[in-house]
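S.K.:
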Amino acid sequence: MEIASKYDPSIVEEKWYQYWMNQNLFHSVPDEREPYTIVIPPPNVTGVLHMGHMLNNTIQDVLVRRARMQGKNACWVPGTDHASIATEAKVVNMLKERGIEKRDLSRDEFMKYAWEWKEEHGGIILKQLRKLGASCDWERTSFTMDEPRYESVIKVFCDLYNKGLIYRGVRMVNWDPKALTALSDEEVIYKESHGKLFYLRYYVEGESIKATEENGIKQDEKGSYIVVATTRPETILGDTAVCVHPEDPRYTELNGRSVKVPGVGRSVKIIMDEYVDREFGTGALKITPAHDINDYNLGMKYHLETIDIFNDNGTLNEHGMQYAGMDRFACRKQIVKDLEELGLIEKIEDYTNKVGHSERTDAVIEPKLSAQWFMKMTDIAKKALQVVEDNEIQFHPEKFKNTYRHWMETIKDWCISRQLWWGQRIPAYYLPNHEVVVAETAEKALELANQKFPGVCSSVDDLRQDEDVLDTWFSSWLWPISLFDGIRNPGNDEIKYYYPTNDLITGPDIIFFWVARMIMAGEEYMKEVPFKNVYFTGIVRDKLGRKMSKSLGNSPDPIMLIEKYGADGVRMGMLLTAPAGNDLPFDESICEQGRNFSNKMWNALRLIKGLEVKDMEQPEVCRLGLDWMRNRMNQALEEIERDFEQYRLSEALMASYKLVWDDFCSWLLETIKPTYGEPIDRKSYDEVIDIFDQLMRMLHPFMPFVTEEIWHMLKERGENESIMVADMPKAQKADEKLLADFAAAQEVISGVRGLRNSKGLSPKEQFELYIKGSHPEQFNSIIVKLANLSKIEMVSDKVDGALSFMVGTTEYFVPMSQNIDKEAELAKLQEELKYTEGFLAGVMKKLSNEKFVNGAPEAVVAKERQKQADAEQKIAAIKAQIASLS
RNA sequence: GGGAGCAUAGCUCAGCUGGUUCAGAGCAUCUGCCUUACAAGCAGAGGGUCACAGGUUCGAAUCCUGUUGCUCCCACCA
22 MEIASKYDPS IVEEKWYQYW MNQNLFHSVP DEREPYTIVI PPPNVTGVLH
72 MGHMLNNTIQ DVLVRRARMQ GKNACWVPGT DHASIATEAK VVNMLKERGI
122 EKRDLSRDEF MKYAWEWKEE HGGIILKQLR KLGASCDWER TSFTMDEPRY
172 ESVIKVFCDL YNKGLIYRGV RMVNWDPKAL TALSDEEVIY KESHGKLFYL
222 RYYVEGESIK ATEENGIKQD EKGSYIVVAT TRPETILGDT AVCVHPEDPR
272 YTELNGRSVK VPGVGRSVKI IMDEYVDREF GTGALKITPA HDINDYNLGM
322 KYHLETIDIF NDNGTLNEHG MQYAGMDRFA CRKQIVKDLE ELGLIEKIED
372 YTNKVGHSER TDAVIEPKLS AQWFMKMTDI AKKALQVVED NEIQFHPEKF
422 KNTYRHWMET IKDWCISRQL WWGQRIPAYY LPNHEVVVAE TAEKALELAN
472 QKFPGVCSSV DDLRQDEDVL DTWFSSWLWP ISLFDGIRNP GNDEIKYYYP
522 TNDLITGPDI IFFWVARMIM AGEEYMKEVP FKNVYFTGIV RDKLGRKMSK
572 SLGNSPDPIM LIEKYGADGV RMGMLLTAPA GNDLPFDESI CEQGRNFSNK
622 MWNALRLIKG LEVKDMEQPE VCRLGLDWMR NRMNQALEEI ERDFEQYRLS
672 EALMASYKLV WDDFCSWLLE TIKPTYGEPI DRKSYDEVID IFDQLMRMLH
722 PFMPFVTEEI WHMLKERGEN ESIMVADMPK AQKADEKLLA DFAAAQEVIS
772 GVRGLRNSKG LSPKEQFELY IKGSHPEQFN SIIVKLANLS KIEMVSDKVD
822 GALSFMVGTT EYFVPMSQNI DKEAELAKLQ EELKYTEGFL AGVMKKLSNE
872 KFVNGAPEAV VAKERQKQAD AEQKIAAIKA QIASLS
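If you read the first sequence in our numbering, its first letter stands for residue 22, the second for the next number, and so on.
1. For E387, which of A200, E464, V112 has the nearest alpha-carbon?
2. What three-state label does DSSP hand F164 in the structure shown?
3. Should V820 be labelled buried (16 or more other beta-carbon atoms within 10 Å of its own) or exposed?
4. I think F533 touches F416, with their Cβ atoms under 8 Å apart; what is that distance to the nearest whole Å?
5. Between which residues of its own chain and V191 is the CB-CB distance below 7 Å, once the five residues before and five after are set aside?
6. Identify the residues that DSSP records as bridge partners of I803: which are they?
7. With a 10 Å radius around its C-beta and 16 neighbouring C-beta atoms as the bar for buried, classify A766 as buried or exposed.
8. Give me the DSSP bridge partner(s) of Q415.
9. Quick check on the DSSP output: the alpha helix (DSSP H) that includes R124 runs from which residue to which?
10. Less than 8 Å separating the beta-carbons of D115 and W138?
11. Among the candidates F131, P577, R703, P448, whose CA atom is the shortest distance from the CA of A460?
12. Going by the beta-carbon positions, is the gap between F726 and V33 smaller than 8 Å?
13. Are three or more beta carbon pairs between the region 503-515 and the region 397-408 nearer than 8 Å?
14. Roughly how many whole angstroms lie between the Cα atoms of P577 and G775?
15. Could you name the residues that DSSP lists as bridge partners for K368?
16. Quick check: the Cα distance between D160 and L46, rounded to an integer number of angstroms?
17. What runs of the beta strand (DSSP E), each 3 residues or longer, lie entirely inside the region 225-279?
18. Which residues in the same chain have their Cβ closer than 7 Å to the Cβ of Q639, if we skip the five residues on either side of it in sequence?
19. Assuming I59 is part of the beta strand (DSSP E), what are its boundary residues?
20. Going by the beta-carbon positions, is the gap between L626 and I731 smaller than 8 Å?
21. Below 8 Å on the Cβ atoms is my contact criterion, and I expect E729 with W37 to pass it. Report the Cβ-Cβ distance as a whole number of Å.
22. From which residue to which residue does the beta strand (DSSP E) around V816 run?
23. Starting from the C-beta of L628, find all residues in its chain whose C-beta is less than 8 Å away, skip the five residues before and the five after it, and write them out in chain order.
24. My output table needs one value for I24: the three-state DSSP class, helix, strand or coil.
25. If D102 sits next to N65, beta carbons under 8 Å apart, how far is it from one beta carbon to the other, in whole angstroms?
26. Of all the options Y586, T830, D260, D707, which has the alpha carbon lying nearest to the alpha carbon of P909?
27. In the DSSP assignment, find the unbroken beta strand (DSSP E) run with L484 in it and report its ends.
28. By Cβ distance below 7 Å, which residues in the same chain neighbour L807 in space, the five residues on each side in sequence not counted?
29. For W442, which three-state DSSP category applies?
30. Helix, strand or coil: which one does DSSP assign to N523?
31. Going by DSSP, name the residue or residues bridged to P836.
32. Suppose the cutoff is 6 Å on Cβ atoms and the five residues either side in sequence are ignored; what does the same chain contact list for A920 look like?
33. Given a cut-off of 8 Å, decide if I308 and D269 are closer than it, judged by their beta-carbon atoms.
34. Under 6 Å Cβ to Cβ from K812, same chain only, skipping five residues before and after it: list those, please.
35. What three-state label does DSSP hand W394 in the structure shown?
36. Under three-state DSSP, which class holds D383?
Below, the structure is given as structure tokens:
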């Protein structure tokens, strides 16, 4: 059989993915097997695959494929998220490009466009996942806004409302002036920004107060004034008080007085409250209850007037006086200019503070008073915290427990309404009498309205449904349940079988948004955790350590990478540098290692398939080598199984990699490889194929394509066979003694090769080897072959005129035909002697310490004594050699 | 401002309950090799005061304290 000399993933990957699809191997239905379930963290429906997805989904696929091969009924449910803000923004932009403004459309018209857009551009990301090899059950593909999920959300909203956990209220919320919607606290990102601190003059009303050294009052020809510092001078338009600390001696005289808001002229009261930090600024704080959460709280406390100066889009409204209609930032500039001209600014300082930005639109958040829907979180959070504390759900790495705990303990109510159209519309209906009813449909709402308020409504037309939609996370928090229709049909066969799911793979950035809330939903609706393990991936960064982002343009296109290195190569590259929870500095070149590995295995296949097989007796070298390899494989399997238990996937992959490359290719294949032109015996051939087969199965979860290809080329397979559903090899007991002996033999081989190398001799040069000391003789045939020896012999005395090396305390001699460089050899020996003597001195120091000998455990002391004996023996040997050389 | 975490070879990281798996792996580097499976390769080699300073201990990369430097999360100081 002619096999191409280089492995070409492009054809192979396409072929096998199609094959798996045709065989329907990804699909799962409940049966008597143990289930293994993963639900995908649904990517944004209009998103495209980025490196974070690659990492995340590779890990999921590894776990799912492994579970499947372990005989579990593996089900990986894919789907997408409607991402209300992001998607709606995209649709709005798309419409704008076509000359259509959202405000000119009715809700229904807009939704029609939005759905069209979703159908057209949505789900690209799921297609891309196939290129990666993702073994998702595509028949189960879901969308957070498809009918079952939509209905589930509505049902849950009604239920929580009826339980009294959802309420509507006027609160200070985070307002996104670009998306024109409220946001939850979690959707606000605080960024450091360089701004200014403006010191404004507020003149005291009525009788002026004399400025003194002690008080904070200043004076000029216009009267006495106090100075108030602010970062947002435009908000003075909404000022309704100035606050100072009651115990601040500078301002005691202000008690009961009023000041004039600069430029505005409004007279506002001085209030006294301990909230004020006397150290900051001038110790006087202007109060704008409509535009700052703290001011709002103080406003409530002192019954201050609330003047909202902004429109929803961040421009000034009619309270903005001459600035009405201006954008808030333009207004800030203008107002500063105007106040400066009026001499109302004392000074301006540079100032750095944190400013909230919208997670989705990056607009600067405006605290805004508005009517929103909230969910009470305190009680539900307690239960959700408990299951993590009790390790019913395990976090990997565990440190995220701390983060989780902290958030859960300080949790606040969740603002769940969004002023958008793309999403689940809140099923609250307002009656003409301003009462509200909550029901799953308008018809049910009418029924309810008639029950509660007889005679108010005559038809559904009298009901006005709330205009808002729900936060996207209010649908994704149900994902592990709603995917199996567990909300609408509790106790159905699917939810009973697949829930709770096993592993959740996600980024730590959505631990609050999503992970925590899913746990809450699980407790509330299933009385059971939604998953048993959460594996937090790291963040993919570029090699400079920056987060990969579209705006920086530092993110490689995953599809291009796959084309260049093969999906297997990219998968391996990602996994190798990504221990759980660690950020991974991604460099394209790590994919090379994966590609090279595919090629390595490919060439191993070429070697084996190129051999001529003959029915003949199995040579000893082959028998020994194969026997060793089986033990070595079991040893590695045990290690890999342990790694998987601890979710140490990179370690598991590295162990597999070394097993294949080093043990299988470099040692076993070199051992059993017949000399050129010679055949191999059938037994060895069959066995090496069997081992190769097992190796491919071990590796398949990591590198699904190349392993399937090789697996099929190894031997004839049935028409419908696939490695995907072959058995995962299981660790058997390994013979430790045999492995240790072989390791010693390997050292001998390396020793001989090293000598040859250091003398600049060709590998073809044959040597004789003489051994003084204990030596694993059973492997001599392998040593002879791999070290290219003409003779191997045990001796009781050292051999003169030979180069030597030691393995443990055993001396190995290689006679050299050519002259030995005595000087160099002596120098080397001297150095080794020095080192060993130093080593012995250290050991002796310990052993001569009574406290050590008495205090340390018996075994430790025994080990030290053994070290001493070995070192002494070694020193003697080195000295003897030095003597014979000089 | 509060909390969490990290610091081990040039890079990315292992190193469990202190003691031969204690200084390791992969990549990178260096030196030889086109040795008919593989130069996307083979053989060999070099490379670390385990951030710093103390302490506990017979013994510390490992435990404790402090210092420095990073990272992340949370928080309404204008």
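Quick reminder that beta carbons are idealized off the backbone N, C-alpha and C, glycines included.
M.R.: Taking the geometry as given:
1. A200
2. It is a strand residue.
3. Residue burial annotation: V820 is buried, with at least 16 other C-beta atoms found within 10 angstroms of its C-beta.
4. Not confirmed; about 13 Å, so no contact.
5. For V191, where only same-chain residues beyond five positions count, the Cβ hits under 7 Å are L390, S391, A392.
6. Answer by DSSP bridge pairing: none, since I803 is not bridged.
7. buried
8. Checking the DSSP bridge columns, you'll see Q415 partnered with N554.
9. Careful: R124 lies outside any alpha helix (DSSP H) and carries neither H nor E.
10. The displayed chain sequence assigns Met, not Asp, to residue 115. In contact: M115 and W138 (Cβ atoms closer than 8 Å).
11. P448
12. yes
13. no
14. 42 Å
15. BP columns for K368 point to Y220.
16. Looking at the sequence shown, residue 160 is not Asp but Glu. Counting only the Cα atoms, L46 lies some 11 Å from E160.
17. 239-241, 244-251, 262-265
18. D702, K704, S705
19. Bounds of the beta strand (DSSP E) holding I59 are 56-60.
20. The Cβ atoms of L626 and I731 lie closer than 8 Å to each other.
21. A Cβ-Cβ separation of about 5 Å places E729 in contact with W37 under the 8 Å criterion.
22. Careful: V816 lies outside any beta strand (DSSP E) and carries neither H nor E.
23. L690, K694
24. coil
25. That belief holds up - the Cβ atoms of D102 and N65 are roughly 6 Å apart, short of 8 Å.
26. The first residue shown for the chain is 22 and the last is 907, placing residue 909 beyond what the model contains.
27. Where L484 is concerned, there is no enclosing beta strand (DSSP E), given that its DSSP letter is neither H nor E.
28. E691, T692, I770
29. coil
30. Reduced to three states, the DSSP call for N523 is strand.
31. Its beta-bridge partners are A823.
32. Outside the modelled stretch of the chain, which goes from 22 to 907, sits residue 920, for which no answer is possible.
33. Not closer than 8 Å, so no.
34. E789
35. strand
36. In the structure shown, D383 sits in coil (DSSP, three-state: anything other than H, G, I, E or B).
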